[in-house]
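Keeping their order, the protein sequence lines are chains A and B. Read the first sequence against the numbering used here and you will find it ends at 302, with the numbers running on by one and no gaps. Read the second sequence against the numbering used here and you will find it ends at 1452, with the numbers running on by one and no gaps. C-beta: ideal position from N, C-alpha, C; glycine also.
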Amino acid sequence: MTASTQLLAPGSSSTGPRTEGKAHPAGAIRPDPRLYQIFALSSLLLYGLVRLNFQIAIGEILIILTFSLSTQYLCTKLWRLPRFDPLSAMISALSLILLLRTNSLALMALAAMITISSKFLLRWRDKHIFNPTNFGLVIMIVATPAVWVSPSQWGTATYFAFLLICLGGLVVNRAARSDVTYAFLFFYVAILFGRALWLGDPFSIPLRQLQSGAFLIFTFFMISDPRTTPDSRAGRILFAASVAIGAGFVQFVLYRTNALLWSLAIVALTTPLIDLLLPGSRYRWLSSLQPHRPVRSEGAAS
Amino acid sequence: MKKCFLAFAVAFLTLPASHLMAFCGFYVAKADTKLYNKASQVAIVRSGDRTVMTMANDFEGDPKEFAIVIPVPTVLQKGQIHIADKALLDHLDNYSSPRLVEYTDDNPCQRRYLEEAMAAPMAMQKSDAAARRRADSLGVKIEARYTVGEYDILILSAKQSSGLETWLVESGYRIPAGASSVLDSYVKQGMKFFVAKVNLQEQSKLGFKYLRPISVAYTSAKFMLPIRLGTVNSKGTQELFIYAITPKGRVETTNYRTVKLPSNVDVPVFVKDQFGQFYKAMFNRQVIRENMKVVFLEYAWNMASCDPCSAEPLSQAELRELGAFWLGDNQNLYGGQQAFLTRLHVRYDGPHFPEDLFFQETGDSESFQARYVMHHPWTGDDSCREADNYRAALPGRRETEALNLANITGWNVNDIRRNMGINRTATVTPPAAKATPPPADEKSWWDKIWHR
């Protein structure tokens, strides 16, 4: 890996060349891909604040950022990791800011702490069990009625969806394991359009459902988290299909809101089983300058 | 005579006010639903999976012509259907409508705190057997047939929409072109159909000159309002007001963006005389701004209070009549049990609202109201430094009010200035004048609401 990779904390879960990925030419400068994710999420936040009048106060944004980063710092010390790496925590925090809604600052702080600490506490064979943001949101929604997610806060302006895809695509292209995103997109789109065909509904209905910002954040920033997806490609495709089917079930059979979040949280529990049945190469860094070192990841893509 | 197919256009329905002071003021006018000719009103009362939906529209034609077809999630027993008092919805409307409040500036020479004036409230022809046989042959099942109040009601389920459509046409309903595919979609989603028409005999016996709202109570995970049938052949747009009453907090749509109307805006005093036009223009402008793709929030408030009140909050008895089953008979709203009202206003048509409205209750219990403020300038002739400053600041303030008004209504700012009597050269122109559902027991929960 390149010199800039040295800036990453060891085993940071962010995306980068892996054993099955292409190695970057030695000496080429390549910035940490998580910087792109942070840029993309910050742009979304700015757009939401300026154009969509998101009801988020600056103080609330600061609370989530502060508690996320300080939890990360504290856990870094407790787990005696060699380096404090703020980038993954930043990504989790930004995702929380974009999705979590509550009128209580204390609950925001709590959500941030649960989200970040879940990366350290809930592990299975050196992987996170849950995507941290997904876990934080689901736990808070289950625990208290004072927290909710507004799936429609984004509206459906086409250009906005397009912008998001571009930003998300940028991240995914820089990231490894984009196969899980593409597979999920394929299955979920097939379910929405298949349902519309069966019901005889106009395609404007599934198109609207796809033009949701929450859906795109989920697809490009949450399910693509390389630290929680199965190791093998076949496993990841199975994982993506399960999440899509689960989401369809929650949305169209149970008629509950935030189907994607519920589905991902449930399906994540099966990842160890998928890894057992469909083993694949472990996630590790490849460097042309340094010998391989084992993964001690504390980060997450989001 | 064929009955008009009046597809019910309905189906269903945050934030804190940062200016504490702004919540007071003398209430002077409201913009209620009567401003619109073709407006539907729906109250949706929901806790857990239990829903009571009360639907009213302003149908003014011959009652013989009236018929509605509403998709409902379950087959309804007779006890689940209730004829409501129109006054309940009127009360909800009055209580929650956008309002104008006024302040009169104090003498700046008297350094005293602003006294806030509080608002005084302003105030079927075939035989049954034959019909069933015909229905059976079309794959339509008449699940139930009731006469409730002045309505004859059928609950239908269908295996396929073509049979349902044929049955409705043969039974005298006028089905608009394009309804088939929508009916088909509902049939496949397992929805039942609530079909109501007016029983003229019963109506004349009861003596009501207008059609009373119908309430239905059911248990279903679906927190939604079916609007698609109403958009099939509708010419132009429709106005829909949704009053959602829930135990905890604000209700929002989950598949359309919910947007707050501009609120706490200072407007010129002449708006007082044309608040209705002002509100319509402002709403129209906001709809255009959002490309007619959003649902607007007009009011969100715990029913225990209001400030200023455009009408008294609904009583416990009224709320229970609307279906707030979780409220006990004797507890007052200041106790542990709550009812939170959300008023949503949506202008819709088929192209912009292809999907039914789906809702969720949020944990947001902060108050919001669409509220517009006018300030009568102080006109005294005292002389002091504060008064000089006050007079010097007035033209700027009035200009801001003019720009505010132009911005939120789209009215021409020069016309507004003219109406305000602003002479660009003049300095100051004095103005012209949480609760949990009760455990299930032997009686159905809906029977308890309506004291059966």
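ask   = Hey, would you say Ser257(A) sits closer than 8 Å to Thr1253(B), going by beta carbons?
value = Per the sequence shown, the amino acid found at residue 257(A) is Thr instead of Ser. Not in contact: Thr257(A) and Thr1253(B) (Cβ atoms no closer than 8 Å).
message = Below 8 Å, how does it come out for the segment 1393-1413 of chain B and the segment 1262-1279 of chain B: are there three or more Cβ pairs, yes or no?
response = yes
key: Three-state secondary structure assigned by DSSP to Phe1358(B)   = The three-state secondary structure of Phe1358(B), taken from DSSP, is strand.
query = Hey, is the segment 127-138 of chain A in contact with the segment 195-209 of chain A, meaning 3+ C-beta pairs nearer than 8 Å?
reply = no
task = Classify Leu1006(B) as helix, strand or coil using the three-state DSSP reduction.
result = With a pLDDT of only 35 at Leu1006(B), under the threshold of 50, the placement of this residue in the model should not be trusted; the figure read from the coordinates follows. In this structure, Leu1006(B) counts as coil in the three-state DSSP scheme.
ask   = Between Gln1201(B), His1345(B) and Asn1094(B), which lies nearest to Ala1311(B) when the distance is taken from Cα to Cα?
value = Asn1094(B)
Cross-chain neighbours of Ala146(A) in chain B, by beta carbon under 7 Å = Gly1363
ask   = Does the beta carbon of Ala23(A) come closer than 8 Å to any beta carbon on chain B?
value = Confidence at Ala23(A) is low in this model, with a pLDDT of 42, below 50, so its placement is unreliable and the value that follows should be read with caution. It does not: the Cβ of Ala23(A) has no partner Cβ on chain B nearer than 8 Å.
ask   = List, in order along the chain, the chain B residues whose C-beta lies closer than 8 Å to that of Leu99(A)?
value = Correct list: empty, because the minimum Cβ distance to chain B is about 13 Å.
request  = State buried or exposed for Phe1008(B), treating a residue as buried only when at least 16 other CB atoms are found within 10 Å of its CB.
outcome  = Note on Phe1008(B): pLDDT 35, under 50, position unreliable in the model; the coordinate value appears next. Under this definition Phe1008(B) is a buried residue.
8 Å Cβ shell around Ile38(A) - same chain, five flanking residues per side excluded = Leu87, Met90, Ile91 and Leu94
request  = Work out the CA separation of Pro272(A) and Met1053(B) for me, nearest whole Å.
outcome  = 46 Å
ask   = Which residues in the same chain have their Cβ closer than 8 Å to the Cβ of Phe203(A), if we skip the five residues on either side of it in sequence?
value = Phe193 and Ala196
ask   = Whose C-alpha, out of Ser1137(B), Asn1291(B), Asp1136(B) and Leu1211(B), is nearest the C-alpha of Glu953(B)?
value = This structure cannot settle anything about residue 953(B), because the visible part of chain B is limited to 1001 through 1452.
message = By the 9 Å beta-carbon criterion, what residues does the segment 256-274 of chain A contribute toward chain B?
response = Arg256, Thr257 and Asn258
ask   = How close, in whole Å, do the beta carbons of Phe1066(B) and Lys1197(B) come, if the pair is a contact with beta carbons under 8 Å?
value = 6 Å
Whole-number beta carbon distance between Ala1177(B) and Gly1323(B), since they are thought to touch under 8 Å = With 8 Å as the limit, Gly1323(B) and Ala1177(B) do not qualify as a contact, their Cβ atoms being about 35 Å apart.
key: Proximal residues of chain A, C-beta to C-beta of Glu1355(B) below 7 Å   = Ile205 and Arg208
message = Strictly under 8 Å for the Cβ-Cβ distance: is Gly200(A) near chain B by that measure?
response = yes
task = Would you check if the distance between the CB atom of Met1303(B) and the CB atom of Phe1340(B) is smaller than 8 Å?
result = yes
task = Would you list the one or two residues that DSSP bridges to Trp953(B)?
result = The shown model of chain B, from 1001 to 1452, leaves out residue 953(B), and the question about it has no answer.
request  = List the whole-angstrom C-beta distance separating Ile1155(B) from Glu1165(B), where the pair is believed to meet the contact cut-off of C-beta under 8 Å.
outcome  = Distance from Ile1155(B) to Glu1165(B) at the Cβ level is roughly 17 Å; contact not present, criterion being Cβ atoms closer than 8 Å.
ask   = Do you know whose CA, among Leu278(A), Leu207(A) and Met222(A), lies nearest Leu260(A)'s CA?
value = Met222(A)
task = List the whole-angstrom C-beta distance separating Ala1056(B) from Gln1080(B), where the pair is believed to meet the contact cut-off of C-beta under 8 Å.
result = The distance from the Cβ of Ala1056(B) to that of Gln1080(B) is about 18 Å, inconsistent with a contact at the 8 Å cut-off.
request  = Apply the 10 Å Cβ neighbour rule to Pro1313(B) and answer buried if 16 or more other Cβ atoms are within range, or exposed otherwise.
outcome  = buried
request  = Check whether the Cβ of Val1216(B) lies closer than 8 Å to any Cβ atom in chain A.
outcome  = no
message = Using a Cβ-Cβ cutoff of 8 Å, what residues of the segment 1239-1253 of chain B are near chain A? List them in chain order.
response = For the segment 1239-1253 of chain B, which is checked against every Cβ of chain A, the residues closer than 8 Å are Lys1248, Gly1249, Glu1252 and Thr1253.
query = Would the beta-carbon of Thr229(A) fall within 8 Å of that of Arg236(A)?
reply = yes
message = I'd like to know if Asn103(A) contacts chain B, where contact means its C-beta is closer than 8 Å to some C-beta of that chain.
response = yes
ask   = DSSP on Tyr1210(B), reduced to helix/strand/coil?
value = coil
key: Neighbouring residues, chain A, relative to Glu1366(B) (Cβ below 7 Å)   = Asn103
query = By the 10 Å Cβ neighbour count, where 16 or more other Cβ atoms means buried, how is Trp154(A) classified, buried or exposed?
reply = Taking every protein chain shown into account, the CB of Trp154(A) has 16 or more other CB atoms within 10 angstroms, so this residue is buried.
task = Taking Thr1258(B) as the query, report the chain A residues whose CB atoms sit under 9 Å from its CB, ordered along the chain.
result = Ser150, Ser152 and Gln153
request  = State the beta-bridge partners of Arg1418(B) as determined by DSSP.
outcome  = According to DSSP, which records beta bridges pairwise, Arg1418(B) is partnered with nothing at all.
query = Using a C-beta cutoff of 8 Å, does Leu87(A) count as contacting chain B?
reply = no
query = DSSP state of Ser1040(B), grouped into three classes?
reply = Ser1040(B) falls in the strand class under three-state DSSP.
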